[in-house]
Each structure stands twice: as C-alpha cells, then as structure tokens.
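Numbering (my numbering), first residue to last: 283 to 490.
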Amino acid sequence: GSFSDPIVDPNDTVGFTEGRGINNSRTVAGDYAISDGTLHSFFLSGGTFTEYDVPSTVQTNLLSINDAGDFTGGFDPDGSGVFQAFVSIDGALASWSVPGALSTFAYEINNSNQLAVGYFINAGGVLHGYYRDANGTLQFPIDPSGSTATVLFGLNDKNWVVGRYGDSSGATHGLFFLTPNSFFTFDYPGSTFTSLNGINDRGIICGR
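Right, here's the structure in full:
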C-alpha cells in the first residue's frame, strides 16, 4: 500500500510522465512528453530508465509489458498524429493498422501471447475495439449492441477481456468480453460512467 517516489523520465521537459504497465519483475513501461508535444517512451527497472522509441518514428506510446518482457503500444511514423499499433515479442516487432482507421493502438498483450487487444478510431472519429490473435489476424470491430464508442483495455491469460463502451444516452458502461462474440455489461451501482481497465488471471477486475 506504499507509494514510490514520483517517476519522472529524465528527458521529460514538460512535467508529463505516465506509467502505463508493470510486470511481475517490476519493470515499468510508460511514456513522457517533450517540449514539441511529442510522446516518447521508457522502461524503468531497478531505478534505471531505458529510453525506447520504435526506430525511425516521431512518436512512441508504450502501453503494456507482460512477464516475458514483450510489450505493446502505438507509434506515429511521420508526425501526422496517425498512430499504428505494434507489439514486440522476443525482440521481433510487428505493426499494424485496422484498415481505414485514423489511428490504432495495442493496449495489452497477455503472457501466452495469444491475444493483443486495443481500439481503433475510424474515419468518422468513432472508437471501436479489436483484437489480434497469435497468427496476426485482426478481428474488428468489437462492439456490444448499442455501443457508440468501445475501448478494450486489458486481458488475462484466459483471454478474458475488459474495457468500456458508451451508449446513445451518454452513459458509459464497463465491458467484459469473451472471444469471439460474448459481451457482458457491468455498471458500478448508481454510476453513469464505469470503465473496466484491468483483469488478472483470477478474474479480479479493477477500473474507475
């Protein structure tokens, strides 16, 4: 229940550093901003920062790291603000975009490397969930009935996926998803906004 000292990347020049993921060896993956407004990323282990950007890109947004040290995120190759999703497994990097998407992000990969989950923004600016299987096949859009915007944030080694979706009334609901097409809604009692952000292998979920 104790807090570390504030984590600030040494190259953060604007006071914006985010820890995005942590694995069982306590390696933190995250991102930070610099004065030109671009995002860059880091790993933090044992008090040592290791800077990370996907090679030959303008922005890199690290979003997760699993227990094997494989990681996911998004990168902007040319400064246009259009992000492609990526995953690095055993040091081999693969990237992708959902066809026709304005941006695609890979939010998490599980320890079995069976699935990576995330969301994409379509040409109309609407958010949709998707997942990528171990063969590199994209399944999209992943949207429960009545959704006006869906985000998939996390998953466990049982391929249980969590996230959130909005509806036409303006409410946002917690989402529990089982591949390929089973959706379950969770709302904190009395709330108009519930987001399920992470799930462990015991099925315990955290969010806001």
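Ideal Cβ placement from N, Cα and C applies to all residues, glycine included.
Beta carbon of residue i nearer than 8 Å to that of residue j
i, j, result
"D352", "N395", "yes"
"L326", "Y334", "no"
"G436", "R446", "no"
"Y389", "T354", "yes"
"W378", "R414", "yes"
"L478", "F458", "yes"
"A453", "T474", "yes"
"T299", "S323", "no"
"I391", "V444", "no"
Best match in the options for proximity to residue i [C-alpha to C-alpha]
i, options, result
"V408", "L457, T419, A383, N392", "A383"
"F331", "D313, D318, S338", "D313"
"G406", "T354, A431, P426", "A431"
"A367", "N393, P426, A398", "A398"
"G319", "N306, V296, N438", "V296"
"D349", "N438, D358, F285, I316", "N438"
"I424", "P462, P471, G328", "P462"
"G329", "H322, D358, D287, D294", "D287"
"D449", "V433, L434, S429, H322", "S429"
"L434", "F387, N404, P471", "F387"
"N393", "N404, K440, A315", "K440"
"V336", "S362, F357, S317, I316", "F357"
"N482", "G411, S362, P471, I304", "I304"
"N293", "P426, R302, I391, L321", "L321"
"T309", "N404, L460, G301", "G301"
"L460", "N306, A315, G363, P426", "P426"
"V290", "I316, Y470, S284, D469", "I316"
Beta-carbon separation (whole angstroms), residue i vs residue j, contact threshold 8 Å
i, j, result
"S507", "A374", "A query on residue 507 cannot be resolved here, the shown segment of the chain reaching from 283 to 490 and no further."
"L420", "V380", "6 Å"
"S338", "F365", "Wrong, their Cβ atoms sit about 15 Å apart, outside the cutoff."
"G485", "T476", "Rounded, the Cβ-Cβ distance is 17 Å, inconsistent with contact."
"V340", "D360", "6 Å"
Any chain C beta carbon closer than 8 Å to residue i
i, result
"D294", "Absent from the structure is chain C; it holds one protein chain and no more."
Cross-strand partners of residue i (DSSP beta bridge)
i, result
"G301", "G312"
"T342", "F357"
"T454", "G448, F475"
"Q366", "F357"
"L397", "D415"
"A388", "G400"
"T330", "S327"
"I487", "I481"
"A350", "Answer is none; A350 lacks a bridge partner."
"I371", "A374"
"T467", "L457"
Could you give the uninterrupted runs of the beta strand (DSSP E) lying entirely in the stretch 406–451, keeping only those of 3 residues or more? 409–415, 420–424, 431–437, 442–448
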